[in-house]
Amino acid sequence: SYAWRTLKNAGARVVFASDWPVSPVDPILSIQAAVMRKPWAEGMPDQSFSLREAIQGYTVEGAYAEFMEDRKGRLKTGYLADIVVLSADIEATAPEALHTVRPVTTICGGRVTYQA
Numbered sequence: 100s101y102a103w104r105t106l107k108n109a110g111a112r113v114v115f116a117s118d119w120p121v122s123p124v125d126p127i128l129s130i131q132a133a134v135m136r137k138p139w140a141e142g143m144p145d146q147s148f149s150l151r152e153a154i155q156g157y158t159v160e161g162a163y164a165e166f167m168e169d170r171k172g173r174l175k176t177g178y179l180a181d182i183v184v185l186s187a188d189i190e191a192t193a194p195e196a197l198h199t200v201r202p203v204t205t206i207c208g209g210r211v212t213y214q215a
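Okay, so the sequence shown: first residue is 100 according to the working numbering, each after it adds one.
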């Protein structure tokens, strides 16, 4: 429904986030939707993202949107340790199975905030 690829190709920074209750609060479902997106009509441009681009939409680009790109959004020395440990290797998971990957542990600011 959105021309994300067209915007990105034009140089825009595409930020993904939950728009609950309009869209799912689960970022994995949104990542899957971005990766598996198909043109809604014949002849329309492909608006899908690669897995890396979709993840960056939630991490690097999310930090940029909140003016925190110098403190979060990447695994980098000196940055906040906001990390999610997943139940499977998301890069080795087939796009149609991404929804089965679940969070096992979340760490925010270096502190464990969730464990399955």
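Note that the Cβ used here is the ideal one computed from N, Cα and C, for glycine as well.
Open item on the list: By DSSP's criteria, Tyr163 is part of a beta bridge. Which residues make up the other side?
Closed with: Bridge pairing for Tyr163: absent [DSSP].
- [ ] Run the CB neighbour count on Ala180, radius 10 Å, all protein chains shown included, and call it buried at 16 or more, exposed below.
- [x] Exposed: under 16 other Cβ atoms inside 10 Å.
TODO: Within the stretch 117 to 149, note down every full alpha helix (DSSP H) run reaching 4 residues or more, in order along the chain.
DONE: With a minimum length of 4 residues, the continuous alpha helix (DSSP H) runs that stay inside the stretch 117 to 149 are 126 to 135.
TODO: Enumerate in chain order the residues of its own chain whose CB-to-CB distance from Gln214 is below 6 Å, with the five nearest sequence positions on each side excluded.
DONE: Result list for Gln214: Thr204, in chain order.
TODO: Decide yes or no for the touch test of the stretch 145 to 152 against the stretch 168 to 185: beta carbon pairs closer than 8 Å, at least 3 of them.
DONE: Here the stretch 145 to 152 does not lie against the stretch 168 to 185, with fewer than 3 beta-carbon pairs under 8 Å apart.
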